[in-house]
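S.K.: Same order as they appear, the protein sequences are chains A and B.
Here the first sequence is numbered in the numbering used here, starting from 742 and rising by one per residue.
Here the second sequence is numbered in the numbering used here, starting from 742 and rising by one per residue.
Protein chains: 2
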Amino acid sequence: EIVAAVEAALADGPLKGRHIVVTSGPTHEPIDPVRYIANRSSGAQGTALARALAALGADVTFVTGPATVPPPDGVKVVKVQTAREMLAAVQTALPADAAVFAAAVADWRMAEDHGQKIKKDGSGAPPVLSFAENPDILATVSQMKTGRPKLVVGFAAETEKVEAHATAKRQRKGCDWIVANDVSPVTGIMGGDENAVVLITDAGADRWPRMRKSLVANRLAELIAEALAQ
Amino acid sequence: EIVAAVEAALADGPLKGRHIVVTSGPTHEPIDPVRYIANRSSGAQGTALARALAALGADVTFVTGPATVPPPDGVKVVKVQTAREMLAAVQTALPADAAVFAAAVADWRMAEDHGQKIKKDGSGAPPVLSFAENPDILATVSQMKTGRPKLVVGFAAETEKVEAHATAKRQRKGCDWIVANDVSPVTGIMGGDENAVVLITDAGADRWPRMRKSLVANRLAELIAEALAQ
């Protein structure tokens, strides 16, 4: 680990001297002390991307929810559980030259704080759970008035109309790029080694062939280096 | 693994020839293709118990949700995701001399099946999610008219009034024993190596000192062997 950190610090790649924030993994939103809502995400793609950016010399802050794959070596790791914690960690990590939001953040959390376990009341009627919308990390950073990273990249996990949804998402959030993928269970992408992405930029949609997540990461890292060099 | 399986098969302990079903881990109840509700459970206590029962010679069927600790060697492993799958796996595994339900089963699941990802509708209003009560595996098996295991043991994860809640649970479910523990975050039991349990039987409540989960498992396995020998 120390070797990797030293290598990354000494790496003389195109991203040397650049600070990049990468989020990864799911968030867990507590329902009560024993239950939570989670997004399916192994953290594999975000971890691969952080590794690829560090290999190009970047100084990476890696903000990760409870992922199943371990964080890469050679990056600064910040562990969080909830969407609100993730936003706070990102804001603490700024300023940055680029921010890549690969985490699968829960859109909603519980509206009330349940300090004790919610019990069945014996009526057979399920509890009424009230949800509140979580902060939108991608939109928040994309729309910063001052100190916005030069390049803000979002991810879109879609199960239908991937390109249309992702293109609309890029407009709505105000980010520069969207890396969209189809996470329908039939694709086997979620939890798998491969990814088939569509990169949405102001130039339109670029559909990449299906490839290993590590190759997706390398290609994205190189494009990020090119964009920051301009 | 093969060695452990052979050792277990040859084990000449007090549970030789006994079939015991053990459930363990959390269940995951899908909200839509990318989100789910989960119970916090590493599966550590159920795994330790299955291992201890096998070491005493039992033929163990280990029905496990997506746990973070790997299943023990020397048992028959059946992997499930949801409460309904867990019940079906338990019913398939019966008959058994004893059944120990250590899994942290979700009480509720989504009432409707969402085949596509639920999207934010832009209103800022969270979706209304309807829940349905899951089948009660412990009560279902405890109250079997024919073919009920001689010994049915439930677990109770409580955050307050541990003994009172667990004693009431034993009555309500119709099981023989309840292994109750306090999973308040402050105890560090959830996800930790130790457990502090209260064993509720028809003889009353026996409060055990805090000890390693492997020791809790050994002690329970010995008591189960004694109960089945009577």
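The beta carbon of each residue, even a glycine, is placed where N, CA and C say it ideally should be.
#1: In chain order, which continuous runs of the alpha helix (DSSP H) of length 4 or greater are located wholly inside the segment 744-827 of chain B?
#2: Check A/ASN959 in the structure and name its three-state DSSP category.
#3: I'd like to check one pair, A/VAL819 with A/ALA808: are the Cβ atoms closer than 8 Å?
#4: Closest Cβ-Cβ distance between B/GLU899 and chain A: below 8 Å?
#5: Does the CB of A/ASN780 have a neighbour CB from chain C at under 8 Å?
#6: Report the residues of the segment 848-861 of chain B with a CB closer than 7 Å to any CB of chain A, ordered along the chain.
#7: For A/LEU870, return the contacting residues in chain B, with the cut-off set at a CB-CB distance below 8 Å.
#8: In chain B, which residues lie less than 8 Å from A/ALA845 when you measure between Cβ atoms?
#9: How many Å lie between A/ARG781 and B/VAL821 at the Cα?
#10: Less than 8 Å between the beta carbons of A/ALA907 and A/ILE919, yes or no?
#11: Out of curiosity, what's the CA-to-CA distance linking B/SER765 and A/ALA837?
#12: So who's on the other strand from B/THR942, going by DSSP bridges?
#13: Check this for me: beta carbons of B/ALA852 and B/ALA824, under 8 Å apart or not?
#14: Tell me which residues share the same chain as B/ALA795 and place their Cβ nearer than 6 Å to its Cβ, disregarding the 5 neighbours each side in the sequence.
#15: For B/GLU853, which beta-bridge partners are listed by DSSP?
#16: Counting only the same chain and skipping the five closest in sequence on each side, list residues whose C-beta sits under 6 Å from that of B/ALA946.
#17: Just the C-alpha distance for B/GLU899 and B/TRP949, rounded to the nearest angstrom, thanks.
#18: Quickly, what does DSSP pair B/ALA847 with across the bridge? List them, please.
#19: Just to confirm the assignment: which complete alpha helix (DSSP H) runs, minimum length 4, are found wholly within the segment 869-914 of chain A?
#20: Would a C-beta distance cut-off of 8 Å place B/ILE840 and B/PRO774 closer than the cut-off?
#21: With A/ILE919 as the anchor, note down where its beta strand (DSSP E) starts and where it stops.
#22: Please name the residue, chosen from B/GLY758, B/GLU935, B/ASP943, B/PRO926, that lies closest to A/HIS855 on a Cα-to-Cα basis.
#23: Thinking C-alpha only, which one of B/ALA847, B/VAL810, B/GLN884 is nearest B/GLY933?
#24: Per DSSP, what kind of secondary structure is A/ALA837 in: helix, strand or coil?
#25: Taking the alpha carbon of B/LEU870 as the reference point, which residue from B/TRP849, B/LEU835, B/ILE965, B/GLU963 has its own alpha carbon closest?
#26: Relative to the C-alpha of B/LEU961, which candidate in B/GLU770, B/GLY784, B/LEU797 has its C-alpha closest?
#27: Just how far apart, CA to CA, sit A/ALA779 and A/HIS769?
#28: Give me the chain A residues within the contact set of B/SER925, using Cβ-Cβ distance strictly less than 8 Å, ordered along the chain.
#29: Give me whichever residues DSSP pairs with B/ARG953 in a beta bridge.
#30: In whole angstroms, give me the CA-to-CA distance for B/VAL804 and A/GLN857.
#31: Does the beta-carbon of B/THR833 have 16 or more other beta-carbons within 10 angstroms, so that it is buried, or is it exposed?
#32: Short of 7 Å in beta carbon distance, which residues of its chain neighbour A/LYS757, apart from the five on each side in sequence? Order them along the chain.
M.R.: Taking the coordinates as given:
#1: 785-796
#2: Position 218 of the first sequence, counted from the start, is the residue given in the question as residue 959 of chain A. Note: A/ASN959 maps to helix in three-state DSSP.
#3: For the purposes of this step, residue 808 of chain A is taken as residue 67 along the first sequence, with counting starting at 1. For the purposes of this step, residue 819 of chain A is taken as residue 78 along the first sequence, with counting starting at 1. No. Outside cutoff.
#4: Translated into the one-based positions of the second sequence, residue 899 of chain B becomes position 158. For B/GLU899, the answer is yes, since a Cβ of chain A falls inside 8 Å of its Cβ.
#5: You won't find chain C in this structure, because its protein chains are A and B.
#6: ASP848, TRP849, GLN857, LYS858, LYS861
#7: On the first sequence, position 129 is the one that residue 870 of chain A refers to. Under the 8 Å cutoff, chain B gives LEU870, PHE872.
#8: Mapped onto the first sequence, residue 845 of chain A falls at position 104. Under the 8 Å cutoff, chain B gives VAL775.
#9: Within the first sequence, the letter at position 40 stands for residue 781 of chain A. Within the second sequence, the letter at position 80 stands for residue 821 of chain B. Roughly 16 Å between the two C-alpha positions.
#10: Position 166 of the first sequence holds residue 907 of chain A. Position 178 of the first sequence holds residue 919 of chain A. Yes, Cβ-Cβ distance for A/ALA907 and A/ILE919 is below 8 Å.
#11: Along the second sequence, read from residue 1 onward, the residue named residue 765 of chain B stands at position 24. Along the first sequence, read from residue 1 onward, the residue named residue 837 of chain A stands at position 96. Those two C-alpha atoms are separated by around 44 Å.
#12: The residue given as residue 942 of chain B occupies position 201 in the second sequence. The partner list for B/THR942 (beta bridge, DSSP) reads B/GLY945.
#13: Locating residue 852 of chain B in the second sequence gives position 111, counting from the first residue. Locating residue 824 of chain B in the second sequence gives position 83, counting from the first residue. No, the pair does not count as a contact, with Cβ atoms beyond the cut-off.
#14: Counted from its first residue, the second sequence places residue 795 of chain B at position 54. Answer for B/ALA795: ALA749, VAL801, GLY815, VAL816, listed in chain order.
#15: Locating residue 853 of chain B in the second sequence gives position 112, counting from the first residue. Its beta-bridge partners do not exist; DSSP assigns none.
#16: The count along the second sequence starts at 1 and reaches residue 946 of chain B at position 205. Excluding positions up to five away in sequence, the list reads GLU904, VAL939.
#17: Reading the second sequence from its first residue, position 158 is the one you call residue 899 of chain B. Reading the second sequence from its first residue, position 208 is the one you call residue 949 of chain B. Taking the straight line joining both Cα atoms gives about 16 Å.
#18: Within the second sequence, residue 847 of chain B is the residue found at index 106, counting from 1. Answer is none; B/ALA847 lacks a bridge partner.
#19: 878-883, 903-914
#20: Numbered from 1 along the second sequence, position 99 holds the residue referred to as residue 840 of chain B. Numbered from 1 along the second sequence, position 33 holds the residue referred to as residue 774 of chain B. Reading off the sequence, residue 840 of chain B comes out as Ala, not Ile. For B/ALA840 and B/PRO774, no; Cβs fall outside 8 Å.
#21: In the first sequence, the residue the question calls residue 919 of chain A occupies position 178. Element bounds for A/ILE919: 918-923.
#22: The residue labelled residue 855 of chain A in the question sits at position 114 within the first sequence. Per the Cα distances, B/PRO926.
#23: Taking the second sequence and counting its residues from 1, the one referred to as residue 933 of chain B is at position 192. Nearest of B/ALA847, B/VAL810, B/GLN884 to B/GLY933, Cα basis: B/VAL810.
#24: In the first sequence, residue 837 of chain A corresponds to position 96, counting from 1. The answer is coil: DSSP assigns A/ALA837 none of H, G, I, E or B.
#25: Taking the first residue of the second sequence as 1, we reach residue 870 of chain B at position 129. Ranking B/TRP849, B/LEU835, B/ILE965, B/GLU963 by Cα distance to B/LEU870 puts B/TRP849 first.
#26: By one-based count along the second sequence, residue 961 of chain B stands at place 220. Cα-wise, what sits closest to B/LEU961 is B/LEU797.
#27: As a working mapping, residue 779 of chain A is identified with position 38 in the first sequence. As a working mapping, residue 769 of chain A is identified with position 28 in the first sequence. Distance between the alpha carbons of A/ALA779 and A/HIS769: 5 Å.
#28: As a working note, residue 925 of chain B is residue 184 in the second sequence. By Cβ distance, chain A contributes PRO774.
#29: Translated into the one-based positions of the second sequence, residue 953 of chain B becomes position 212. Beta-bridge pairing links B/ARG953 to B/GLU935.
#30: Here residue 804 of chain B is taken as the residue at index 63 of the second sequence, counted from 1. Here residue 857 of chain A is taken as the residue at index 116 of the first sequence, counted from 1. One C-alpha to the other measures close to 28 Å.
#31: Numbered from 1 along the second sequence, position 92 holds the residue referred to as residue 833 of chain B. Exposed: under 16 other Cβ atoms inside 10 Å.
#32: The count along the first sequence starts at 1 and reaches residue 757 of chain A at position 16. Hits under 7 Å: GLY798.
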